[in-house]
Amino acid sequence: MRLFRSLAPVTAAVALVLCLPYDAMSHPRAGDGKPPARNLFGAACRTSVQDSHVVAYCHNPYVDTDRVRLHIECARWWDLDTDTAPQDAVAAMTVRLTGRCWQDVASVWVSHQKVR
């Protein structure tokens, strides 16, 4: 009798799960049953620093236009940090961005903006 009382809730839970339709147990998906497509965007950029000069090459393999800008942070407090003018990298295009500091470069990065 005691064994039956401890197994009763487990048995009820298993029976309930087995009675549910298959769709109720699976994860929710998009309307057609396929996972949503990823929105592919963004140019791949390579940067190089040589002395105080910085060059970045950004290649956009996707359809959407990517507006890229090179940002340069200079190491010296009196040396002005710079941002290049934005350039549009359209589909299958490589753009070249350049900039420099007067002396040492502390860090560089490229920002991306989707053009609508």
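Going by UniProt numbering, the sequence shown opens with residue 1, and the numbers climb by one from there. For each residue, glycine too, the CB sits at the ideal point set by N, CA and C.
- Residues 67, 68, 69 and 113 of the same chain have their beta carbon placed closer than 8 Å to that of residue 86, with the five preceding and five following residues left out of the count.
- An exposed status is given to residue 80, since fewer than 16 other beta-carbon atoms sit within 10 Å of its beta-carbon.
- Inter-residue distance for residue 41 and residue 52 is about 31 Å (C-alpha atoms, whole angstroms).
- About 6 Å separates the beta carbons of residue 74 and residue 105, which is inside the 8 Å limit, making them a contact pair.
- For residue 74, the uninterrupted beta strand (DSSP E) run begins and ends at 66–74, by DSSP.
- Contact between residue 94 and residue 58 holds, since their C-beta atoms are separated by about 7 Å, short of 8 Å.
- Distance from the CA atom of residue 84 to the CA atom of residue 71, rounded to whole angstroms, is 7 Å.
- Burial state of residue 39 is exposed, judged by a 10 Å Cβ sphere holding fewer than 16 other Cβ atoms.
- Membership of residue 99 in the beta strand (DSSP E) is indicated by the continuous run 93–100.
- In the three-state scheme derived from DSSP, where H, G and I count as helix and E and B as strand, residue 38 is classed as coil.
- Between the C-alpha atoms of residue 77 and residue 101 there is a straight-line separation of about 11 Å.
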